[in-house]
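I have placed the structure first, in the form of structure tokens, so that the comments after it can refer back to it.
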Amino acid sequence: MLANEFMQELSVRLSALAPQERDKALSYYEELISDKLENGEDEEEIISGFGNLYELTKAILAENNITNISQKKSIHPAIIIGLIIGSPIIFAVIVTVASLVFALLVTGFAIAFSFLAIGLSFFIISVLTFIFSFALIINNPMIGFLQIGVSFVSLGLGILFAIAGMYIGKAVWIGVKFMTNKMKQQFAKGGNQYE
Amino acid sequence: MYNIVHKVVLNMDVQLKKGLLEICVLKVISTEPSYGYKIIGDVSKYVEISESTLYPILKRLEQASCLATFTQEYNGRLRKYYQITDTGRERISLFKEEWKKLKKIYDFIVQEDSLC
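Chains as they are written, first to last, in this note's numbering: chain R, 1 to 195; chain C, 1 to 116.
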């Protein structure tokens with residue numbers, strides 16, 4: 001870290017102090033840096049020699065009886081302005097993305113449901129053709145046996161579609177759970193940034 | 001149990017060190033006013049002290065009226081000087097008294113050991 005960066009960070013972290021107190025602390029370190037540089041010390045080494053900024057500022061704040069410190073990461077003002085100006089667009093984008101995701105989910109479940117419905121239909125066909133094939137066999141053996149075959153084919157198709165429907169449904173469900181977990185993580189992380 | 005004892009000892013050392021450092025800083029400025037960088041250099045000859053440790057000590061001593069500050073120009077910049085006050089000198093005397101008693105106790109303990 002360079003001296004300027006250090007001094008800026010220090011200034012931000014001491015913002016809880018009264019301006020006079022903060023200036024005193026800043027001048028103290030400025031003076032030290034100048035003296036050390038004059039003595040031929042290396043800028044990076046000087047700054048790293050000061051140690052951990054958090055501990056350093058904690059000590060200074062404690063001396064001024066400020067003990068509950070939340071060292072927020074400072075957000076650059078330009079970013080804040082950008083967010084405010086862009087908020088209508090940002091909002092529109094969020095709504096669009098959310099709608100798309102929702103549409104995908106609905107579609108996924110719809111496909112799963114359709115497959116299950118088709119599977120069920122084939123089951124019904126299979127059962128019905130099987131039952132009525134016996135009557136047919138008596139009248140027309142050839143067609144009767146053909147119908148039995150059809151009933152078995154229907155059974156097979158029914159099973160296939162049912163399994164496919166279940167897998168698709170499961171996949172969409174896992175997708176939903178994954179998304180909600182990720183969103184939970186994002187908000188948890190965002191909260192932790194301010195600790 | 002060990003952890004509690006260990007922590008108590010560590011905390012004592014921290015408090016002890018803080019007190020010692022304060023007296024060292026006062027001693028260093030008792031002969032003539034000095035500034036941050038020089039104080040650190042002079043105290044470091046006897047006990048470990050960092051820039052970050054010195055600042056709160058100077059603050060505390062000033063609050064306790066043990067030292068006063070003034071600024072003087074040096075090489076085109078302003079340098080802050082710390083000078084001792086009468087209260088500060090009193091504190092050094094108090095410290096010497098306390099440690100005379102401590103030395104008595106130490107001598108007593110050392111004496112006991114040599115008999116074992």
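Note that beta-carbon positions come from the ideal geometry of N, C-alpha and C, so glycine has one too.
Could you tell me whether the Cβ atoms of residue 186 of chain C and residue 80 of chain C are closer together than 8 Å? Look at the range of chain C in this structure, 1 to 116, and you will see that residue 186 of chain C is not part of it.
Report yes if the C-beta distance between residue 10 of chain R and residue 26 of chain R is below 8 Å; otherwise report no. Position 10 of the first sequence, counting from 1, holds the residue named residue 10 of chain R. Position 26 of the first sequence, counting from 1, holds the residue named residue 26 of chain R. Residue 26 of chain R is positioned such that its CB atom lies closer than 8 Å to that of residue 10 of chain R.
Distance check for residue 166 of chain R and residue 151 of chain R, CA to CA, integer angstroms please. Numbered from its first residue, the first sequence carries residue 151 of chain R at position 151. Numbered from its first residue, the first sequence carries residue 166 of chain R at position 166. Going from the Cα of residue 151 of chain R to the Cα of residue 166 of chain R covers about 22 Å.
Is the CB of residue 51 of chain R under 8 Å away from at least one CB in chain C? For this step, residue 51 of chain R is matched to residue 51 along the first sequence. Output row for residue 51 of chain R: interface = yes.
Compute the Euclidean distance between the alpha carbons of residue 193 of chain R and residue 84 of chain R, then round it to the nearest angstrom. The residue given as residue 193 of chain R occupies position 193 in the first sequence. The residue given as residue 84 of chain R occupies position 84 in the first sequence. Note on residue 193 of chain R: pLDDT 44, under 50, position unreliable in the model; the coordinate value appears next. Straight-line Cα distance between these residues: approximately 21 Å.
Work out the CA separation of residue 97 of chain C and residue 50 of chain R for me, nearest whole Å. The residue labelled residue 50 of chain R in the question sits at position 50 within the first sequence. The residue labelled residue 97 of chain C in the question sits at position 97 within the second sequence. Rounded to the nearest angstrom, the gap between the Cα atoms of residue 50 of chain R and residue 97 of chain C is 35 Å.
Of all Cβ atoms in chain R, is any one closer than 8 Å to the Cβ of residue 81 of chain C? If you number the second sequence from 1, residue 81 of chain C lands on position 81. Contacts with chain R at 8 Å (Cβ-Cβ) do not include residue 81 of chain C.
By DSSP, does residue 14 of chain R sit in helix, in strand, or in coil? As a first step, residue 14 of chain R is located in the first sequence; it is residue number 14 there, counting from the start. In the three-state reduction of the DSSP assignment, residue 14 of chain R falls in the coil class.
Helix, strand or coil at residue 65 of chain C [DSSP, three-state]: For the purposes of this step, residue 65 of chain C is taken as residue 65 along the second sequence, with counting starting at 1. Coil at residue 65 of chain C, not helix or strand.
Mind reading off the beta-carbon distance from residue 39 of chain C to residue 26 of chain C? Whole number of angstroms is fine, and I expect it under 8 Å. The residue you call residue 39 of chain C lines up with position 39 of the second sequence. The residue you call residue 26 of chain C lines up with position 26 of the second sequence. Incorrect: roughly 10 Å between the Cβ atoms, too far for contact.
Establish whether the CB of residue 89 of chain R and some CB of chain C are separated by less than 8 Å. In the first sequence, the residue the question calls residue 89 of chain R occupies position 89. It does not: the Cβ of residue 89 of chain R has no partner Cβ on chain C nearer than 8 Å.
For the segment 34-47 of chain R, list every residue whose C-beta sits within 7 Å of some C-beta in chain C, in sequence order. Near chain C, meaning a CB-to-CB distance below 7 Å, the residues of the segment 34-47 of chain R are 34, 35 and 36.
Quick check on DSSP: helix, strand or coil for residue 2 of chain R? Here the question's residue 2 of chain R lines up with position 2 in the first sequence. It is coil, neither helix nor strand.
Who does residue 71 of chain C pair with in a DSSP beta bridge? Translated into positions along the second sequence, residue 71 of chain C becomes position 71. In DSSP, residue 71 of chain C forms a bridge with C:80.
In this structure, does DSSP put residue 29 of chain R in helix, strand or coil? As a first step, residue 29 of chain R is located in the first sequence; it is residue number 29 there, counting from the start. Three-state result, residue 29 of chain R: helix.
At a Cβ cut of 9 Å, what residues of the segment 31-46 of chain C count as close to chain R, listed as they run along the chain? Listed by position, the residues of the segment 31-46 of chain C near chain R (Cβ gap below 9 Å) are 35, 36, 37, 38 and 40.
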